[in-house]
Amino acid sequence: MTHLPNLILDLGLILGAAGITTLIFKKLKQPLVLGYIIAGLLVGPHVAILPTIHEIENIQIWAEIGVIFLLFSLGLEFSFKKLVKVGGASSIMALVEVVVMLLLGYLSGKLLGWSTMDSIFLGGILSISSTTIIIRAFEELGVKSQRFAGLVFGVLIVEDLVAILLMVLLSTLAVSQQFAGSEMLNAVLKLGFFLVVWFLAGIFLIPTFLRKASKLMNDETLLIVSLALCLLMVILAAQVGFSPALGAFIMGSILAETTKAEKIEHLVMSVKDLFGAIFFVSVGILINPETIITYAGPIAIITIVTLVGKAVSITAGGLMAGQGLKTSVQSGMSVSQIGEFSFIIATLGLTLKVTSDFLYPVAVAVSAITTFTTPYMIQLSTPLYKFLERLLPEKWKRSLDEYSSGAQAINTTSDWKIVLRSYVVNLVLYSVIIIAIVLLAARYLNPFITENVINGQYGDIVTTTITLIFMAPFLWAFAVYHPQKEALGRLWANRNYRSLLIVIEFIRIGLSILFIGFLLNQFFPVQVSIAVGLAIIGVLAIFSKRIQKFYIRIEQRFMMNLNAREIKAASKMHHTLTPWDVHLTSFDVSHESVVVGRSLFELQVREKYGVNIAVIERGDRTIMAPTRQELIFPGDRIYVFGSDEQIEKFRQFVQSEADLQVERDRAEDVKLQQLVISETSPLLGATIRESGVRERTKGLIVGIERRGQRILNPESDFRFQVNDIIWIVGSPWRIRALEAVNTVMAS
Numbered sequence: 038m039t040h041l042p043n044l045i046l047d048l049g050l051i052l053g054a055a056g057i058t059t060l061i062f063k064k065l066k067q068p069l070v071l072g073y074i075i076a077g078l079l080v081g082p083h084v085a086i087l088p089t090i091h092e093i094e095n096i097q098i099w100a101e102i103g104v105i106f107l108l109f110s111l112g113l114e115f116s117f118k119k120l121v122k123v124g125g126a127s128s129i130m131a132l133v134e135v136v137v138m139l140l141l142g143y144l145s146g147k148l149l150g151w152s153t154m155d156s157i158f159l160g161g162i163l164s165i166s167s168t169t170i171i172i173r174a175f176e177e178l179g180v181k182s183q184r185f186a187g188l189v190f191g192v193l194i195v196e197d198l199v200a201i202l203l204m205v206l207l208s209t210l211a212v213s214q215q216f217a218g219s220e221m222l223n224a225v226l227k228l229g230f231f232l233v234v235w236f237l238a239g240i241f242l243i244p245t246f247l248r249k250a251s252k253l254m255n256d257e258t259l260l261i262v263s264l265a266l267c268l269l270m271v272i273l274a275a276q277v278g279f280s281p282a283l284g285a286f287i288m289g290s291i292l293a294e295t296t297k298a299e300k301i302e303h304l305v306m307s308v309k310d311l312f313g314a315i316f317f318v319s320v321g322i323l324i325n326p327e328t329i330i331t332y333a334g335p336i337a338i339i340t341i342v343t344l345v346g347k348a349v350s351i352t353a354g355g356l357m358a359g360q361g362l363k364t365s366v367q368s369g370m371s372v373s374q375i376g377e378f379s380f381i382i383a384t385l386g387l388t389l390k391v392t393s394d395f396l397y398p399v400a401v402a403v404s405a406i407t408t409f410t411t412p413y414m415i416q417l418s419t420p421l422y423k424f425l426e427r428l429l430p431e432k433w434k435r436s437l438d439e440y441s442s443g444a445q446a447i448n449t450t451s452d453w454k455i456v457l458r459s460y461v462v463n464l465v466l467y468s469v470i471i472i473a474i475v476l477l478a479a480r481y482l483n484p485f486i487t488e489n490v491i492n493g494q495y496g497d498i499v500t501t502t503i504t505l506i507f508m509a510p511f512l513w514a515f516a517v518y519h520p521q522k523e524a525l526g527r528l529w530a531n532r533n534y535r536s537l538l539i540v541i542e543f544i545r546i547g548l549s550i551l552f553i554g555f556l557l558n559q560f561f562p563v564q565v566s567i568a569v570g571l572a573i574i575g576v577l578a579i580f581s582k583r584i585q586k587f588y589i590r591i592e593q594r595f596m597m598n599l600n601a602r603e604i605k606a607a608s609k610m611h612h613t614l615t616p617w618d619v620h621l622t623s624f625d626v627s628h629e630s631v632v633v634g635r636s637l638f639e640l641q642v643r644e645k646y647g648v649n650i651a652v653i654e655r656g657d658r659t660i661m662a663p664t665r666q667e668l669i670f671p672g673d674r675i676y677v678f679g680s681d682e683q684i685e686k687f688r689q690f691v692q693s694e695a696d697l698q699v700e701r702d703r704a705e706d707v708k709l710q711q712l713v714i715s716e717t718s719p720l721l722g723a724t725i726r727e728s729g730v731r732e733r734t735k736g737l738i739v740g741i742e743r744r745g746q747r748i749l750n751p752e753s754d755f756r757f758q759v760n761d762i763i764w765i766v767g768s769p770w771r772i773r774a775l776e777a778v779n780t781v782m783a784s
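Numbering (my numbering) for the sequence shown: 38 to 784.
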């Protein structure tokens with residue numbers, strides 16, 4: 038009889054148990070993750086119902102691979118551009134939740150008599166919600182097109198990055214075994230430095246590589262190349278002291294910006310599902326049922342803390358961000374669970390041997406309970422909101438509405454804010470790039486040249502010359518480049534600001550000289566560095582135009598790669614007028630839809646459903662503020678403005694099976710913005726028809742706020758008055774142009 042290795046026997050046992058349990062859970066319409074955990078419990082060493090696995094150590098290695106591919110897939114869905122485009126409301130809500138849950142988790146652990154490290158890790162476990170469970174619940178309950186869903190998607194995006202940061206900080210804390218502020222700060226700065234370096238280098242190199250090699254790639258080679266890139270970044274992350282999971286997440290987020298992202302995500306899905314299943318089964322293998330029974334009391338307490346703490350913290354964050362009571366309560370009730378990242382953080386504590394054995398099964402038990410409660414929490418959100426609305430005094434409700442309206446106001450961005458923000462962004466990016474180039478030259482290039490090409494001082498000179506060539510375009514951009522020339526020109530025209538602008542320019546040049554000194558100091562004495570540095574500045578000045586052309590080429594290549602696949606996050610698609618409980622969303626028109634071939638006049642969508650069709654996208658064409666004679670064609674994307682109830686009725690009419698599409702490439706951005714009528718505005722006294730707002734912004738006026746009263750869908754003969762707040766759906770740059778005219782007239 039042929040002998041089979043234990044690894045194959047264990048793998049067959051794991052997948053067999055997982056297959057059976059997932060079929061059962063699929064039939065019961067329960068999350069498959071719970072099925073995997075129960076499968077692990079059944080084949081683990083603590084339950085004797087089924088045959089038991091032989092070598093847990095080997096399964097743990099498979100589980101680590103599962104974590105890598107899980108985070109690689111999360112990175113493909115994450116993308117740094119999504120994080121940048123997440124609304125301020127979602128960011129505030131996520132940060133409030135994380136801080137509150139970290140504190141509640143720590144205090145709960147201490148009250149239960151647990152060690153400091155157990156309590157800290159408990160806080161980290163409770164602070165991250167489950168993306169998989171929430172998305173599945175939204176789909177089953179049919180609420181993805183509602184306004185609060187967009188905010189929740191934004192919260193989950195921010196939480197993904199916070200989870201990565203928590204993993205780094207908890208690892209640092211576990212190693213040092215003390216709250217050393219300097220070590221924590223060093224860990225955060227180190228993480229930020231490598232995130233910027235990896236993202237910039239990855240976006241510059243990887244999309245170009247995939248584009249050049251696209252003719253040679255079929256599905257098989259693209260899968261192999263993608264997994265190779267993932268594992269190479271895993272190795273690189275481990276080499277610089279980070280967890281392998283972080284490297285997988287970063288590579289996924291880089292590939293998410295490429296035109297191959299969707300295809301890679303589809304190809305990797307099967308690999309992720311296989312190893313992810315093994316990971317979740319390994320979670321169950323480590324659970325001892327006796328431990329869960331022993332800690333039933335703490336599990337119940339922590340479950341209540343999770344449900345209440347997350348609901349209250351997210352609701353409070355939503356109110357702070359001006360999202361209104363209904364949206365805030367719905368958002369808070371949606372994220373009251375823990376999931377994948379919580380397991381990974383719990384596994385991290387076990388791997389580093391800094392947490393007690395009971396913490397892991399306690400976390401899994403809390404996750405299982407809160408997973409079951411998630412759909413019911415979402416369903417209870419509306420009754421809870423109505424109860425709170427009846428309970429709150431009228432004065433409080435009026436104050437919340439006024440605060441929400443004020444928080445949504447869009448003010449004209451000053452030139453100083455534009456210029457200073459560009460300077461800060463350039464300072465961070467170019468500093469990171471220059472420092473990275475110098476460190477790479479000192480640690481790798483110089484030893485290679487001195488050992489294999491030219492040794493001694495001549496080798497240092499060659500290294501310095503090569504490094505300066507790579508640094509030159511970024512030094513020029515750091516010291517000379519002005520990305521916001523128009524705003525800078527307007528500031529320079531004001532004589533009062535010139536002296537301050539000159540000081541800023543000298544500071545930029547001075548910092549550039551310091552960077553040159555930083556490079557020279559790696560290889561030469563201080564006196565030589567100063568003299569050579571001044572000479573280098575002169576050379577850079579002579580070749581300034583050539584360096585500028587080279588830098589522009591680099592920037593154009595980077596921006597081309599970055600914008601190759603435009604992605605819009607869900608929170609940016611849900612532009613909201615909170616006090617009115619209305620928002621902007623979109624639907625795709627199928628070939629079978631009843632609206633195909635009919636005009637907007639014929640459909641009478643405003644009269645029948647109370648919604649406005651603000652924009653129609655047809656291929657590469659964007660029809661802003663379509664007229665009543667405009668026809669609807671198959672494949673059109675229509676942007677609809679209205680309340681949750683109105684939009685849901687209209688969605689059922691247009692496309693009963695259509696889901697909200699929160700990500701896509703678009704020909705022209707569509708946004709909800711605000712404009713205030715000043716005393717000297719050219720729009721003052723004009724009607725909507727006379728103002729020409731529709732023609733000038735290619736937009737649609739959907740609401741007007743006057744002295745606390747709100748008018749939704751105003752008629753065309755409505756006349757503007759001083760301090761009227763106009764809400765316009767349309768192209769942001771066109772609306773900003775009209776806003777600029779309004780501001781200039783006012784000044």
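Where a beta carbon is used, it is the ideal one built from N, C-alpha and C, also for glycine. All of these numbers come straight from a predicted model, not from anything done at the bench.
Fill in: Pairwise C-alpha distance: Phe670 and Ser630
Between the C-alpha atoms of Ser630 and Phe670 there is a straight-line separation of about 9 angstroms.
Practice prompt. Please work out which residues of its chain come closer than 7 angstroms, Cβ to Cβ, to Arg545, disregarding the five sequence neighbours upstream and downstream, and give them in chain order.
Written response: Phe515, Ala516
Worksheet item: Can you tell which of Val403, Glu685, His519 has the C-alpha that lies nearest to the C-alpha of Tyr809?
Response: Residue coverage of the chain in this structure runs from 38 to 784, which leaves residue 809 outside it and unanswerable.
Discussion item. Taking its Cβ as the centre, do 16 or more other Cβ atoms sit within 10 Å of Asp197, making it buried, or is it exposed?
Written reply: buried
Practice prompt. Could you check the C-alpha separation between Met508 and Arg658 for me, to the nearest Å?
Written response: If you take the alpha carbons of Met508 and Arg658, they lie about 42 angstroms apart.
Fill in: N- and C-terminal bounds of the alpha helix (DSSP H) containing Asn649
Element bounds for Asn649: not the alpha helix (DSSP H) but the beta strand (DSSP E), 649 to 655.
Worksheet item: Using CA coordinates, which residue listed in Gln360, Arg594, Ile471, Leu65 is at the minimum distance from Phe241?
Response: If we check each option's Cα against that of Phe241, Arg594 comes out closest.
Worksheet item: Along the chain, where does the beta strand (DSSP E) that runs through Tyr332 open and close?
Response: It is not in any beta strand (DSSP E) - Tyr332 carries neither H nor E in the DSSP assignment.
Practice prompt. Can you tell me the Cβ-Cβ gap for Ala723 and Phe757, rounded? I've got them flagged as a contact below 8 angstroms.
Written response: 6 angstroms
Item to complete: Leaving out five residues on either side along the sequence, give the residues of the same chain with a beta carbon under 8 angstroms from the beta carbon of Leu237.
Response: Around Leu237: Leu466, Val469, Ile470, Phe595.
Worksheet item: Between which two residues does the alpha helix (DSSP H) carrying Gln367 extend?
Response: Element bounds for Gln367: 362 to 371.
Practice prompt. Just confirm the distance between the C-beta atoms of Gln367 and Tyr413, as a whole number of angstroms; I'd bet it's less than 8 angstroms.
Written response: Not quite, the Cβ-Cβ distance comes to about 14 angstroms (not below 8 angstroms), so this is no contact.
Worksheet item: Ordered along the chain, which non-local residues of its own chain (more than five positions away) have a Cβ less than 6 angstroms from that of Gly103?
Response: Phe312, Gly313, Ile315, Phe316
Worksheet entry | Completely contained alpha helix (DSSP H) runs for the segment 391 to 467, where each covers 4 or more residues | 396 to 428, 431 to 444
Worksheet item: Hey, how far is the Cα of Phe231 from the Cα of Met130?
Response: 27 angstroms
Worksheet item: How big is the Cα-Cα spacing for Thr411 and Thr340?
Response: In this structure, the CA atom of Thr411 is about 12 angstroms from the CA atom of Thr340.
Discussion item. According to DSSP, Arg800 sits in a beta bridge with which residue or residues?
Written reply: Not covered by the structure: residue 800. The range shown for the chain is 38 to 784.
Worksheet item: If you draw a straight line from the C-alpha of Asp47 to the C-alpha of Glu92, how long is it?
Response: 7 angstroms
Discussion item. Measuring only the C-alpha atoms, how far is Trp529 from Ala358?
Written reply: 35 angstroms
Worksheet item: Which residues does DSSP pair with Trp764 in a beta bridge?
Response: Gln711, Gly740
Discussion item. Less than 7 angstroms between the C-beta atoms of Asp754 and Arg674, yes or no?
Written reply: Against a cut-off of 7 angstroms, the Cβ pair of Arg674 and Asp754 comes out as no contact.
Worksheet entry | Pairwise C-alpha distance: Leu556 and Met154 | Those two C-alpha atoms are separated by around 41 angstroms.
Fill in: Inter-residue Cα distance where the pair is Thr364 and Arg655
31 angstroms
Worksheet item: Can you tell me the Cα-Cα spacing of Leu621 and Tyr676, whole angstroms?
Response: 7 angstroms
Worksheet entry | Rounded distance between the beta-carbons of Ser128 and Val205, thought under 8 angstroms | At roughly 20 angstroms, the Cβ-Cβ gap does not stay under 8 angstroms, so Val205 and Ser128 are not in contact.
Discussion item. My parser needs the alpha helix (DSSP H) runs of 4 or more residues fully inside the segment 308 to 357; what are they?
Written reply: 326 to 331, 333 to 357
Worksheet item: Would you call Asn531 buried or exposed, if buried means 16 or more other Cβ atoms sit within 10 Å of its Cβ?
Response: exposed
Fill in: Simplified DSSP assignment, three categories, for Gly679
strand
Worksheet item: According to DSSP, is Gln593 helix, strand or coil?
Response: helix
Worksheet item: Is it right to say Lys609 is buried, meaning 16 or more other beta carbons lie within 10 angstroms of its own, or is it exposed?
Response: Low confidence applies here, because Lys609 scores a pLDDT of 40, under 50, leaving its location unreliable and the question unanswered by this model.
Worksheet item: Sorted by chain position, which residues of the same chain lie with C-beta nearer than 6 angstroms to Val342's C-beta, five sequence neighbours on each side aside?
Response: Leu141, Ser145
Discussion item. Could you check whether Ser156 and Leu139 sit closer than 7 angstroms to each other, using their CB atoms as the reference points?
Written reply: no
Worksheet item: Unbroken alpha helix (DSSP H) runs of length 4 or more, entirely within the segment 52 to 107: which are they?
Response: With a minimum length of 4 residues, the continuous alpha helix (DSSP H) runs that stay inside the segment 52 to 107 are 69 to 80.
Worksheet item: Thinking C-alpha only, which one of Trp513, Ile550, Val401, Val633 is nearest Ile579?
Response: Trp513
Item to complete: Could you check how far apart the C-beta atoms of Asp497 and Phe587 are, in whole angstroms? I think they sit under 8 angstroms.
Response: Their Cβ separation, rounded to whole angstroms, is 25 angstroms, which puts Asp497 and Phe587 out of contact at 8 angstroms.
Worksheet item: What are the uninterrupted segments assigned as alpha helix (DSSP H) that are 4 or more residues long and contained completely in the segment 142 to 177, given in chain order?
Response: With a minimum length of 4 residues, the unbroken runs of alpha helix (DSSP H) contained wholly in the segment 142 to 177 fall at 153 to 163.
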